[in-house]
Amino acid sequence: MWMPVLLSLMLPAEAPATNWPGFRGDGSSTSRAQQLPLSWSPSENIAWRTPLPGYGQSSPIIWNDRVMITAVEGDEKEKIVVAAIELKSGKMAWWRSLPASQRGKNNPMMSRAAPTPVVDSEGIYAFFESGDLIAFSHQGDLKWKRSLATEYGAFKNNHGIGSSPTQTAECVIVLIDDMGGSYLLAIDKATGKNRWKTDRTNRVSWTSPVILQSGGRSIVIVSSGGSLTAYDAQTGKPIANRDGLVGNTIPSPTVLGNRIIIGAGENRMKPDPKASAQSNCCVELQWTNDSAEFVTRWNGKKAVSHHASPLVYQGHVYFVTKMGVITCLNAETGEECYVERLDNPCWATPVGADGHVFFFGKYGVSTVIRAGSSFEKIAINRLWSPDEFRKRQDDAKRQAAAKLPPAPSNPNRGPGGGPPVSKEELEAARYSAVGDVVYGAAAVDGTWIIRTGTELICVRTTKFAAAQGDGGAALSHALASRTASARRPLFSVQSSSDLWNVCDSFRQEK
Numbered sequence: 001m002w003m004p005v006l007l008s009l010m011l012p013a014e015a016p017a018t019n020w021p022g023f024r025g026d027g028s029s030t031s032r033a034q035q036l037p038l039s040w041s042p043s044e045n046i047a048w049r050t051p052l053p054g055y056g057q058s059s060p061i062i063w064n065d066r067v068m069i070t071a072v073e074g075d076e077k078e079k080i081v082v083a084a085i086e087l088k089s090g091k092m093a094w095w096r097s098l099p100a101s102q103r104g105k106n107n108p109m110m111s112r113a114a115p116t117p118v119v120d121s122e123g124i125y126a127f128f129e130s131g132d133l134i135a136f137s138h139q140g141d142l143k144w145k146r147s148l149a150t151e152y153g154a155f156k157n158n159h160g161i162g163s164s165p166t167q168t169a170e171c172v173i174v175l176i177d178d179m180g181g182s183y184l185l186a187i188d189k190a191t192g193k194n195r196w197k198t199d200r201t202n203r204v205s206w207t208s209p210v211i212l213q214s215g216g217r218s219i220v221i222v223s224s225g226g227s228l229t230a231y232d233a234q235t236g237k238p239i240a241n242r243d244g245l246v247g248n249t250i251p252s253p254t255v256l257g258n259r260i261i262i263g264a265g266e267n268r269m270k271p272d273p274k275a276s277a278q279s280n281c282c283v284e285l286q287w288t289n290d291s292a293e294f295v296t297r298w299n300g301k302k303a304v305s306h307h308a309s310p311l312v313y314q315g316h317v318y319f320v321t322k323m324g325v326i327t328c329l330n331a332e333t334g335e336e337c338y339v340e341r342l343d344n345p346c347w348a349t350p351v352g353a354d355g356h357v358f359f360f361g362k363y364g365v366s367t368v369i370r371a372g373s374s375f376e377k378i379a380i381n382r383l384w385s386p387d388e389f390r391k392r393q394d395d396a397k398r399q400a401a402a403k404l405p406p407a408p409s410n411p412n413r414g415p416g417g418g419p420p421v422s423k424e425e426l427e428a429a430r431y432s433a434v435g436d437v438v439y440g441a442a443a444v445d446g447t448w449i450i451r452t453g454t455e456l457i458c459v460r461t462t463k464f465a466a467a468q469g470d471g472g473a474a475l476s477h478a479l480a481s482r483t484a485s486a487r488r489p490l491f492s493v494q495s496s497s498d499l500w501n502v503c504d505s506f507r508q509e510k
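Position 74 of the sequence shown, counted from 1, bears residue number 74 in the UniProt record's numbering, the numbering being contiguous throughout.
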């Protein structure tokens, strides 16, 4: 009987399991980290909070003792930022702010540093919706920089680029799917030069590629805009393709050996709930001599994904909608185990670690469940008290109102001929990415790093911190003692020049 076995991304051999080197870690959103906190609150197990420059929607990545993030600054996103933060203390190790090669609207309806960077022993590789692809050393020295939008044409996407790069030992692989020209590109990490470029049919998508090991070679898997395609990672040559999918424009695929779990949401232009559910499926890449094809193993019946990608952990697949509805399936058969609702909407992909599944809710309410075929809730955790969160959201909405585009004059007419949009839905959508939105989390031994648009938060038990000789507990107590009214709103940090003053104001109260 086939049993699912998670394979890691093809990374340099020295990368330890406790690093978190890219989007969804190694691409699976699972970790072998131990002693992870199961519970936290504004006054418990928050080791540090570090305000970040500008705004960013990328997930944090971790390499050894550093956390890396990206952000954009300015009314037209005229600056792009890469920053490194000390994992132990939350202090800023370095940040680099560079001019963006292409400018764009900076508001909650657009991507803002959405692609998550990748990291290896040689450096950090960051991609931005401006088209800039940049490599830094671990000391913050610029290794090389390219502008894909300048070289191959400006991106044409109403909401910007969201696809995160993946990596092999030698290359960074970037997916561009938009109406300005779609392609898959492999760039040499050492030189910044192309290894290969493969053109794709134009479509609009925000999914990220993953690496699969099959047939003695590395394969790039792309689930995007109605199709699933496999490419040879060495040459960029297409190996297999499957059309007929619906709604696979945001969730990224997850790899299990030769099998691929595809996540899909509804197609607002042509709603078909049954087709969307069936596109949440498991396919296998099968070989006959040198030819390969995708073979369907099972299709979902009710499972739906929206922003979060599917998680496969300890024999089960977890799909979660943007409203926080979990569907748990048997990974081998696709049979439904349960459907439950979380206590918060969920945009970030859940993480499987230490026998549990962690759902990081959009508004800072995280739910921890025990992994398995039955739903067992272990903890509900908050990053902010309800009163503080409401105040922060109200302040953020007032600031965002000036930047948001005007609402359509006829909200009952759906975009592109799609279903009608009520005034209530329109208003909710306009402010859906305003304020303290949790975009992603990373796990290493004893520690969670959680990223919002303007803040990096470290969750670590005091017991683990003491065992590591961590002085961050003092900062945690200082932060907890600050009242919501006295605390400077973190979303007001709009430039690198503001950042040191805010960091210092926090630490002077230790």
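The beta carbon of each residue, even a glycine, is placed where N, CA and C say it ideally should be.
Exposure label - residue i; buried when at least 16 CB within 10 Å
{"i": "PRO108", "result": "buried"}
{"i": "GLY446", "result": "buried"}
{"i": "LEU142", "result": "exposed"}
{"i": "TRP20", "result": "buried"}
{"i": "GLN42", "result": "Correcting the residue type first, residue 42 is Pro in the shown sequence and not Gln. The residue in question, PRO42, is buried, as its Cβ has 16 or more Cβ neighbours within 10 Å."}
{"i": "LEU11", "result": "Since pLDDT at LEU11 reaches only 44, below the 50 mark, its modelled position is unreliable, and no value is offered."}
{"i": "MET323", "result": "exposed"}
{"i": "PRO386", "result": "exposed"}
{"i": "GLY244", "result": "exposed"}
{"i": "ARG392", "result": "buried"}
{"i": "LYS377", "result": "exposed"}
{"i": "SER481", "result": "For SER481, the predicted model reports a pLDDT of 38, less than 50, meaning its position is unreliable and no value from the coordinates is stated."}
{"i": "GLY469", "result": "exposed"}
{"i": "ALA442", "result": "buried"}
{"i": "SER374", "result": "exposed"}
{"i": "GLY90", "result": "buried"}
{"i": "ILE62", "result": "buried"}
{"i": "ASN289", "result": "exposed"}
{"i": "ASN158", "result": "exposed"}
{"i": "ASP272", "result": "exposed"}
Residue-level contact to chain B via CB, residue i, 8 Å cutoff
{"i": "PHE375", "result": "Note that chain B does not occur in the displayed structure, where there is just one protein chain."}
Rounded distance between the beta-carbons of residue j and residue i, thought under 8 Å
{"i": "PHE464", "j": "GLN35", "result": "5 Å"}
{"i": "VAL305", "j": "GLY265", "result": "Residue identity differs from the one stated: residue 305 is Ser in this sequence, not Val. The pair is a contact, with the Cβ atoms about 5 Å apart (cut-off 8 Å)."}
{"i": "PRO120", "j": "LEU87", "result": "In the sequence as presented, Pro is not what sits at residue 120; that position holds Asp. So it is not a contact: roughly 17 Å between Cβ atoms."}
{"i": "THR198", "j": "GLY236", "result": "4 Å"}
{"i": "ALA292", "j": "ALA230", "result": "7 Å"}
{"i": "SER276", "j": "GLY247", "result": "4 Å"}
{"i": "ARG96", "j": "VAL81", "result": "7 Å"}
{"i": "ALA233", "j": "ILE260", "result": "Wrong, their Cβ atoms sit about 15 Å apart, outside the cutoff."}
{"i": "TYR313", "j": "CYS328", "result": "Wrong, their Cβ atoms sit about 10 Å apart, outside the cutoff."}
{"i": "VAL135", "j": "ALA71", "result": "Sequence inspection shows Ala at residue 135; the Val mentioned does not correspond to that position. Actually they are not in contact, since the Cβ atoms of ALA135 and ALA71 sit about 17 Å apart, beyond 8 Å."}
{"i": "ASN381", "j": "SER137", "result": "At roughly 36 Å, the Cβ-Cβ gap does not stay under 8 Å, so ASN381 and SER137 are not in contact."}
{"i": "LYS362", "j": "VAL437", "result": "6 Å"}
{"i": "ILE349", "j": "ALA308", "result": "Per the sequence presented here, residue 349 reads as Thr, with Ile not at that position. Correct: roughly 5 Å between the Cβ atoms."}
Opposing strand residues paired with residue i [DSSP bridges]
{"i": "GLY352", "result": "THR30 and VAL357"}
{"i": "ALA126", "result": "ILE134"}
{"i": "TYR318", "result": "LEU311 and CYS328"}
{"i": "LEU383", "result": "Paired residues: none, contrary to the question."}
{"i": "TRP448", "result": "ALA443 and VAL459"}
{"i": "LEU256", "result": "ARG259"}
{"i": "LEU175", "result": "LEU184"}
{"i": "CYS282", "result": "ILE261 and TRP298"}
{"i": "ARG242", "result": "LEU228"}
{"i": "LYS79", "result": "GLU73 and PRO99"}
{"i": "VAL437", "result": "DSSP lists no partner for VAL437."}
{"i": "residue 511", "result": "Shown here, the chain extends from 1 to 510; a query on residue 511 therefore has no answer."}
{"i": "LYS377", "result": "ILE369"}
{"i": "GLN167", "result": "VAL172"}
Start-to-end residues for the alpha helix (DSSP H) that takes in residue i
{"i": "SER279", "result": "273-279"}
{"i": "PHE464", "result": "462-467"}
{"i": "LEU148", "result": "148-152"}
Residue i beta carbon near the ligand COA (any heavy atom closer than 7 Å)
{"i": "ILE176", "result": "As presented, the structure is devoid of all ligands, the ligand COA included, so that no description of it is given."}
Boundaries (first-last residue) of the beta strand (DSSP E) holding residue i
{"i": "LEU311", "result": "311-313"}
{"i": "TYR363", "result": "Premise fails: TYR363 is in no beta strand (DSSP E) and is neither H nor E."}
{"i": "THR50", "result": "46-51"}
{"i": "ASN194", "result": "194-200"}
{"i": "LEU184", "result": "182-188"}
{"i": "residue 585", "result": "With the chain represented from 1 up to 510, any question about residue 585 goes unanswered, as that position is not in the structure."}
{"i": "CYS346", "result": "From DSSP, CYS346 is part of no beta strand (DSSP E); its letter is neither H nor E."}
{"i": "VAL119", "result": "118-120"}
{"i": "LYS214", "result": "Residue identity check: residue 214 is Ser in the sequence provided, not Lys. Element bounds for SER214: 210-214."}
{"i": "TRP63", "result": "61-63"}
(Q) For the pair the segment 199-206 and the segment 174-183, tell me if three or more CB-CB distances fall below 8 Å. (A) Enough Cβ pairs lie closer than 8 Å, so yes.
Q. Between the segment 438-456 and the segment 55-64, do three or more beta carbon pairs fall short of 8 Å?
A. yes
(Q) Would the segment 23-32 count as touching the segment 341-353 if we require 3 or more Cβ pairs under 8 Å? (A) yes
**Q.** At least 3 beta-carbon pairs within less than 8 Å: the segment 216-224 vs the segment 120-129
**A.** No: the two stretches stay apart, fewer than three of their Cβ pairs being nearer than 8 Å.
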